[in-house]
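In the numbering used here, the protein residues as written are 447 to 536.
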């Protein structure tokens, strides 16, 4: 389940990059996705972060809705919020 969720997240980000029709951005995301997939053996979910993960899924849904609706304000705002919410635990 967890690996499936992470894979779906990477595919969503790549689909958004492709929708931009900016080839440099698409290439960048393809490279990042390849590197992350190779490193997946070390990736794991941290216990107690379920609310944060749920928030990321909601943020992704909000971004997809903003893209569909052509909501330029939220298209610009939501990725910044999403980045600020990210946590890296080593």
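C-beta: ideal position from N, C-alpha, C; glycine also.
Taking 8 Å as the cut-off, decide whether the C-beta atoms of residue 494 and residue 531 are in contact.
-> no
Please determine, among 476, 529, 468 and 517, the residue with the shortest C-alpha to C-alpha distance to residue 499.
-> 529
Would you kindly check if the distance between the Cβ of residue 479 and the Cβ of residue 460 is under 8 Å?
-> yes
To which residues of the same chain is residue 464 closer than 7 Å at the C-beta, ignoring the five residues directly before and after it?
-> 472
DSSP on residue 495, reduced to helix/strand/coil?
-> coil
Between residue 506 and residue 458, is the Cβ-Cβ spacing less than 8 Å?
-> Yes; because the gap between Cβ atoms is below 8 Å, this pair is in contact.
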